[in-house]
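Under the UniProt record's numbering, the first residue of the sequence shown carries the number 1, and numbering increases by one thereafter. Don't be surprised by glycine CBs; every beta carbon is placed ideally from N, CA and C. In this text the structure is predicted, and so the values were computed from the model without any measurement.
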Amino acid sequence: MTSICMDYGTFVCTNCAGIHREFQHKCKGITMSNWTLEEVDIYPLLPACR
Numbered sequence: 001m002t003s004i005c006m007d008y009g010t011f012v013c014t015n016c017a018g019i020h021r022e023f024q025h026k027c028k029g030i031t032m033s034n035w036t037l038e039e040v041d042i043y044p045l046l047p048a049c050r
């Protein structure tokens, strides 16, 4: 399952998402997570998404 590290705006695999979470980074699965409208609206503003 592909996730997004919300702190960096990067796509990461499941294993890397687990490592990011160990550093208290917020990661969300792109298909299995519930996304709020605020998260969807802010996603294009994340650093790696420009």
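For residue i, which of helix, strand or coil comes out of DSSP?
i, result
"residue 53", "Absent from the model: residue 53. The displayed extent of the chain is 1 to 50, so no value can be given."
"I30", "coil"
To the nearest angstrom, report how far apart residue i and residue j are at their CA atoms.
i, j, result
"residue 136", "C16", "The chain is shown only over 1 to 50; residue 136 falls outside these bounds and no answer can be derived."
"S33", "F11", "14 Å"
"G29", "D41", "16 Å"
"G18", "I4", "11 Å"
"C13", "L37", "23 Å"
Do residue j and residue i come within 9 Å of each other at the CB atom, strictly closer than that value?
i, j, result
"H25", "M1", "no"
According to DSSP, what are the bridge partners of residue i?
i, result
"I4", "F11, K28"
Using a Cβ-Cβ cut-off of 6 Å (strictly less than) and excluding sequence neighbours within five positions of residue i, which residues of its own chain qualify?
i, result
"R21", "C27"
"E39", "none"
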